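Everything on this sheet refers to the single structure shown next.
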Amino acid sequence: MADHWQYSASVAPIALFASALSRTRKWVHSVIAGLVVFTLVVLSMQRSWLYHSAEVLWRDAIAKNPFAWMTHLNLGHALMDEHRFKEAEQSYRNALALSPDPAEPCYCLGAVLADEGNFAEAISEYERALHSKPNSSVIYTDMGECYVHLNQSDRALDCFQRAIACAPGDANAKYQRGVLLDQLNRRGEAIDAYHSAVVIAPDMAVAQFNLGNDLLAAHRVADAVEHFNRAVAAAPDWAEAHVNLGYALLQNGQRDLAIDQFNKALAIDSNLMPARIGMAAAKRAP
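The numbering used here numbers the first residue of the sequence shown as 437 and each following residue consecutively.
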């Protein structure tokens, strides 16, 4: 989109004006400079309303150029940020009608439909987007999440596998696959999926946390402690991660360290019952 707020190039007139100004008296310089500053201030104030919000900015752009698909798309993004999903959906549909390439508008439309709970419609839009971008791991991952919501696990797993094939370094696709495998009680495969995610993204606290939970359930206590430690390092204000680390430490015979973790959890949320129960158990432990 051309920037319709840019200033026109006026080098030659400005140069002539400056040359003439240099031959006038100093007080005239001051008066003219003051008038120029005043004029610029007034003009800036007249346009400042445009920058009150992203929505206002993009609506003004659309009013001036209603056929620019990117402006409709950006308006949709601004509305999504405010959780105004129905309005965002319409903006994305407008962008789709104007765009020469449907991939991005279709993907954005799919995302807002998913946020609205219209998962089957979202999948249709993601499939349209994949026609133009067949190697998009993000689209496959989001489509997989829609299939999860529709309880179509096989299709969801297929989407996550395709996402990973498109982008082997996509930690989120591997994490989402792990979540689904957990739901299917396939713990060993879930552990592998989470582990492959945290190798790529060691600061992904939720993947470290889930991996710790599965390792603890598999009686791999020392490994669980390691990954819970990484979870709290990545998200130090996550009370539940401190609690689970506390339980793992307690099972590992590290009573004092467990008490420290329960204290940290209670400092974040003094009413967190699992932390209170864990603290009581730790104090009773030999």
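The beta carbon of each residue, even a glycine, is placed where N, CA and C say it ideally should be. Just so we're clear, the structure is a prediction, and the values are computed from it rather than from any experiment.
- Within the same chain, Cβ atoms closer than 7 Å to the Cβ of asparagine 530 are found at His508, the five residues on either side in sequence being excluded.
- Rounded to the nearest whole angstrom, the C-alpha separation of leucine 685 and serine 535 is 56 Å.
- Taking the CA atoms as reference points, phenylalanine 521 sits about 7 Å from leucine 515.
- The three-state reading of DSSP puts tryptophan 505 in helix, counting H, G and I together.
- Here histidine 678 is buried, its C-beta having at least 16 other C-beta atoms within 10 Å.
- If you draw a straight line from the Cα of alanine 641 to the Cα of alanine 670, it is about 5 Å long.
- Histidine 663 sits buried, since 16 or more C-beta atoms from the chains shown fall within 10 Å of its C-beta.
- Counting only runs of at least 4 residues, the region 549-617 fully encloses the following alpha helix (DSSP H) elements, listed from N- to C-terminal order: 555-568, 573-585 and 589-602.
- Counting along the chain, asparagine 699 sits inside the alpha helix (DSSP H) bounded by residues 691-704.
- 8 Å or more divides the Cβ of glutamate 557 from the Cβ of leucine 566.
- A straight-line Cα-Cα distance of about 11 Å links serine 527 and isoleucine 498.
- By the Cβ-count criterion, glutamate 518 is exposed, with fewer than 16 other Cβ atoms from all chains shown falling within 10 Å of its own Cβ.
- Put simply, the backbone Cα of proline 672 is about 15 Å away from that of alanine 643.
- Leucine 620 sits exposed, since fewer than 16 C-beta atoms from the chains shown fall within 10 Å of its C-beta.
- When DSSP states are grouped into helix, strand and coil, arginine 712 belongs to the helix group.
- Between glycine 512 and cysteine 544, the C-beta gap is smaller than 8 Å, which places the two residues in contact.
- In the three-state reduction of the DSSP assignment, proline 672 falls in the coil class.
- Nearest in C-alpha terms to lysine 700, of all of Leu586, Asn680 and Ser572, is Asn680.
- Counting along the chain, alanine 653 sits inside the alpha helix (DSSP H) bounded by residues 641-653.
- Across the set Glu523, Gly553 and Pro570, the C-alpha of Pro570 shows the shortest separation from the C-alpha of proline 538.
- Nearest to glutamate 561 by alpha-carbon distance, out of Arg623, Asp551, Pro541 and Ala703, is Pro541.
- The continuous alpha helix (DSSP H) containing alanine 531 extends over residues 521-534.
- A straight-line Cα-Cα distance of about 7 Å links tryptophan 494 and asparagine 510.
- Between alanine 609 and serine 573, the CB-CB gap stays under 8 Å.
- Taking a 10 Å sphere around the C-beta of methionine 715, we find 16 or more other C-beta atoms and assign the residue as buried.
- Apart from the 5 residues on each side of it in sequence, alanine 721 sits with its Cβ closer than 7 Å to the Cβ of Leu686 and Arg691 in its chain, given in chain order.
- In the structure shown, the three-state DSSP call for glutamate 518 is coil.
- The distance from the Cβ of alanine 637 to that of leucine 616 is about 18 Å, inconsistent with a contact at the 8 Å cut-off.
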